[in-house]
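>
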């Protein structure tokens with residue numbers, strides 16, 4: 035098994051073996067371990083897991099969305115990226131503008147009631163079409179509040195000043211590569227209540243050594259089955275992009291977890307994935323000399339990606 039998949043599989047096995055059963059915000063229930071770290075040597079390939087298919091398009095368009103400082107799902111929907119839909123939809127159905135059938139607790143009800151699931155899918159489709167075709171509706175109901183992109187590119191401090199954290203840290207890396215202050219934080223306590231979902235991947239730090247750039251992410255809350263494969267690849271991609279911007283090679287991506295959990299309704303899916311062997315990891319190609327702030331999904335390419343089929347599982351909202 036390749037090193038990237040093995041590290042992920044070992045974490046899954048450890049949580050299943052020694053994790054604590056816990057209630058959670060979504061009332062789905064989890065098996066949880068507090069504190070863990072994975073390390074990925076990015077010179078050995080790109081850590082897109084191969085024991086299930088992980089969509090590079092979804093994670094790459096989301097990362098570009100973060101880098102742009104965007105917080106509206108319209109950009110994502112233009113790439114048929116639906117990974118943030120549920121949070122925007124939840125805010126919409128709680129608003130006075132929503133006049134459709136009762137969608138309360140739609141995540142759980144859609145899994146248990148086929149008739150309700152059909153109504154839910156119809157309402158979600160209507161919602162997505164209005165986001166794409168009605169600018170006023172999209173501005174009002176497509177925005178997720180001051181989530182990741184806002185904090186990365188337009189942090190508002192207690193002094194009321196605005197800070198572009200990502201641009202600043204790139205300048206620091208170029209000017210003072212050995213600094214211990216190459217940090218970007220998405221956790222802004224004064225704005226948590228404005229966010230559709232408080233940041234799960236809360237802060238990251240860059241480290242330069244021997245002409246190589248490494249990145250460490252601290253993730254306070256980690257959905258091991260659905261979220262973490264995306265997070266691994268997303269921050270590895272970010273490391274590549276920042277390294278290129280700074281004229282450096284890539285080093286390691288270090289992934290540090292707080293609450294690393296497997297949802298109770300993901301256990302069968304995890305066990306199916308654990309039964310599979312891996313393929314060789316793919317390679318990343320950046321087909322442009324554009325600045326990181328101008329890059330588009332179309333400039334990025336994954337080559338020689340061979341994987342097992344994807345495995346579906348419900349998202350906890």
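Numbering (this note's numbering), first residue to last: 35 to 351.
For every residue, glycine included, the Cβ atom is placed at its ideal position computed from N, Cα and C.
If I follow the unbroken alpha helix (DSSP H) through residue 130, where does it start and stop?
No alpha helix (DSSP H) holds residue 130; DSSP gives it neither H nor E.
> Mind checking if residue 270 is an interface residue toward chain D, Cβ cutoff 7 angstroms exclusive?
No chain D is present in this structure, which holds just one protein chain.
> Per DSSP, what kind of secondary structure is residue 327 in: helix, strand or coil?
Reduced to three states, the DSSP call for residue 327 is coil.
> If you check the beta carbons only, do residue 264 and residue 93 fall under 7 angstroms apart?
It is a contact, given that the beta carbons lie within the stated cut-off.
> Go ahead and label residue 220 buried or exposed: buried means 16 or more other beta carbons lie within 10 angstroms of its beta carbon, across all protein chains shown.
The residue in question, residue 220, is buried, as its Cβ has 16 or more Cβ neighbours within 10 Å.
> What are the residues that DSSP puts in a beta bridge with residue 242?
According to DSSP, residue 242 bridges with 247.
> From which residue to which residue does the beta strand (DSSP E) around residue 72 run?
From DSSP, the beta strand (DSSP E) with residue 72 extends over 64-75.
> Does the beta-carbon distance from residue 256 to residue 178 come in below 7 angstroms?
No; because the gap between Cβ atoms is not below 7 angstroms, this pair is not in contact.
> Please list the terminal residues of the continuous alpha helix (DSSP H) segment that includes residue 296.
Note, residue 296: premise wrong, no alpha helix (DSSP H); beta strand (DSSP E) at 283-297.
> Take every Cβ of the stretch 316-326, pair it with every Cβ of the stretch 274-291, and state whether three or more of those distances are shorter than 8 angstroms.
These segments touch.
> Below 8 angstroms, can you find three or more Cβ-Cβ pairs linking the stretch 221-228 to the stretch 171-190?
Yes: at least three Cβ pairs fall under 8 angstroms.
> Residue 143: which of 60, 68 and 238 sits nearest, CA to CA?
For residue 143, the nearest C-alpha among the options comes from 60.
> Quick one: give me the first and last residue of the beta strand (DSSP E) that residue 56 is part of.
Note, residue 56: beta strand (DSSP E), 54-56.
> Taking C-alpha atoms, which residue in 342, 332 and 347 lies nearest to residue 91?
The option with the nearest alpha carbon to residue 91 is 332.
> Residue range of the alpha helix (DSSP H) that residue 15 falls in?
No statement about residue 15 is possible, as the shown extent of the chain runs from 35 to 351 and does not include it.
> What are the boundary residues of the beta strand (DSSP E) that residue 320 is part of?
That run of the beta strand (DSSP E) goes 317-320.
> Report the CB separation of residue 297 from residue 64 in whole angstroms; it is logged as a contact under 8 angstroms.
Indeed, because the Cβ distance is near 5 angstroms, the residues count as touching under 8 angstroms.
> When the Cα of residue 302 is compared with those of 35, 76, 106 and 50, which residue comes out closest?
For the residues 35, 76, 106 and 50, the minimum Cα distance to residue 302 belongs to 50.
> Identify which residue in 233, 175, 194 and 180 has its Cα closest to the Cα of residue 130.
Out of 233, 175, 194 and 180, 175 has the C-alpha closest to the C-alpha of residue 130.
> My assumption, with CB atoms under 8 angstroms, is that residue 68 sits in contact with residue 38. Please give the rounded CB distance.
Going by Cβ atoms, the distance from residue 68 to residue 38 rounds to 23 angstroms, so no, they are not a contact pair.
> How should residue 95 be labelled, buried or exposed, when 16 other C-beta atoms within 10 angstroms of its C-beta is the threshold for buried?
Classification for residue 95: buried.
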